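The C-terminal residue of the sequence shown carries number 413 in this note's numbering, and the numbering is unbroken.
Cβ atoms here follow ideal geometry from the backbone N, Cα and C, with glycine treated the same way.
As the structure is a computational prediction, the values presented were derived from the model and not from experiment.
First the structure, in the form of structure tokens, and then the observations on it.
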Amino acid sequence: MTHIDILLDNKGTPLDKQTFTWRDLAGKPISKLDDDAFTRVRVILMNGVESDALRLKHFGARFHKELHLPLAQVRRAEQHQMTAINWLLSADHSPLETTVAYEQVAIEVTAAVAQNEPDPYQAQTYRFGLLEDFDHLYRYAAMLDRLEGKDANNILQGYTDIVPGRPTSEHHRAPGDDLRDNYKKENAALITKIHAALITGAEYQTHDYYMNIGPLFADPVARALYAEIASVEEQHVTQYGSLQDPSESFMEKWLVHEAMEVYTYASCAEQEENPRIKAMWERFVDYELGHLNLACELFKKYERRDPAEVLGGQLPRMIEFKSQRDFVRETLSREVDLRAHGIDYVPKEREGHASLDYRAQLNSEGVPANIASAGYTFKPGTELNPVGEEQ
23 MTHIDILLDN KGTPLDKQTF TWRDLAGKPI SKLDDDAFTR VRVILMNGVE
73 SDALRLKHFG ARFHKELHLP LAQVRRAEQH QMTAINWLLS ADHSPLETTV
123 AYEQVAIEVT AAVAQNEPDP YQAQTYRFGL LEDFDHLYRY AAMLDRLEGK
173 DANNILQGYT DIVPGRPTSE HHRAPGDDLR DNYKKENAAL ITKIHAALIT
223 GAEYQTHDYY MNIGPLFADP VARALYAEIA SVEEQHVTQY GSLQDPSESF
273 MEKWLVHEAM EVYTYASCAE QEENPRIKAM WERFVDYELG HLNLACELFK
323 KYERRDPAEV LGGQLPRMIE FKSQRDFVRE TLSREVDLRA HGIDYVPKER
373 EGHASLDYRA QLNSEGVPAN IASAGYTFKP GTELNPVGEE Q
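Following this line, the structure appears as structure tokens:
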């Protein structure tokens, strides 16, 4: 267990010492095939975390004139952190391969969070969402095979199964059925607050990536598939975002986000096997401690409260970056037929008419996910070159 006082007592690198050069920002990328897949998982996750950090601080500045300068200063450092991380992805990743990697992040990280989450309802929400990301991986793996003749397992490296989850065609819900019951800030564990901020940011990044690259495909099925799954990712952002207490002030959310960034970078640093990337994670842990320390000082100045009121408590073990195959399989077998009705999770037959009607309309002219994966069953190699077949 890691007590939050360790974070509060470590002031990290002062903001004015957080400097970069262009070489820092556009350094050598990781290897698509030689680096472990979880190095790429951490790269994608932390890019999403930094993207969300920028987003939160931009919105906060729109409501708080007195925070304009410090938020701008922190954002600049985080912009450069995000660039250094995002530029680690190598140019030989096709957009579809990167998509497969994004879904691996969603599955493995959300599964790790679900097992580490002490609040049963919040944990259930993470399990519910990961089964949908699991199915998205299967659809994109089929698309990668058929469009580019590539085996998705070259990206996944055997850590993540490629089989259907809850069918994508059944993910589409009326907005009221994507809202969740939020934690209560007065009694929620710190890790519960951190998890909600983390997974919301990760899903937001996935949504934005699909929206940006989807129109770049010429293949009509790929274009439709990205449109369909991007819509589900918006639902996921709604779902995970609603887990957070809306009565938290902006500064409370800022404190939680900075603590989340420290915790997640520390998790990356603890488990990274690539020495060069490990050094980057360690450097950015210190940078985020500097941001957290600044946020705490501003919190005391403007809200006249002790940051420990928001950040009190203990943190459990670090995020476990490893294959969560057994947990995902068990969750799939038990919960694939769960559906959402309002804030509740219910058996398939109790799903509400609002979502059934909404889904029927969207699916009325065909379901891209079904078209993309029609007849597809993953096996090593590709459909163009079946394993064991005479050449």
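- Secondary structure note for Pro369: its beta strand (DSSP E) is the uninterrupted segment 366-369.
- Runs of the beta strand (DSSP E) lying entirely within the stretch 325-395, each at least 3 residues long, are 360-363, 366-369 in chain order.
- Residue Ala83 holds the alpha-carbon nearest to the alpha-carbon of Ala94 among Leu178, Ala83, Thr353.
- The straight-line gap separating the alpha-carbon atoms of Ala136 and Tyr148 is approximately 5 Å.
- Closest in C-alpha terms to Arg351, from the list Ser116, Glu130, Asp56, Asn69, comes Glu130.
- Between Ser73 and Gly223, the beta carbon gap of about 7 Å places them in contact (Cβ cut-off 8 Å).
- Contact between Glu294 and Thr35 fails: their C-beta atoms lie close to 19 Å from each other, not under 8 Å.
- Exposure of Ser355 is indicated by the presence of fewer than 16 other C-beta atoms within 10 angstroms of its C-beta.
- It is roughly 14 Å from the alpha-carbon of Lys33 to the alpha-carbon of Leu277.
- Partner residues in a beta bridge of Gly82, as assigned by DSSP, do not exist.
- For Gln146, same chain residues with a beta-carbon under 7 Å away, outside a window of 5 residues either side, are Tyr367 in chain order.
- When C-beta atoms of the stretch 165-179 are compared with those of the stretch 261-272, fewer than three pairs fall below 8 Å, so the two segments do not count as touching.
- If the five residues before and after Gly364 are omitted, its C-beta is found closer than 7 Å to the C-beta atoms of Gly198, Asp199, all from its own chain and listed in chain order.
- Of the residues assessed, His375 falls on the exposed side of the cut-off, its CB having fewer than 16 other CB atoms within 10 angstroms.
- Secondary structure within the stretch 35-111: the alpha helix (DSSP H) runs of 4 or more consecutive residues, fully enclosed, are 44-47, 59-83, 90-108 (chain order).
- With a threshold of 16 other beta carbon atoms within 10 Å, Asp155 meets it and is buried.
- Assignment of Thr404 by DSSP, reduced to helix, strand and coil, places it in the strand class.
- Ile184 sits in coil when the DSSP states are folded into three classes, being neither helix nor strand.
- For the stretch 227-268, not one full-length beta strand (DSSP E) segment reaches 3 residues or more.
- Going by beta carbons, Val122 and Ile66 fall outside the 8 Å limit.
- Of Phe81, Gln103, Lys79, the smallest CA-CA separation from Asp46 is found for Gln103.
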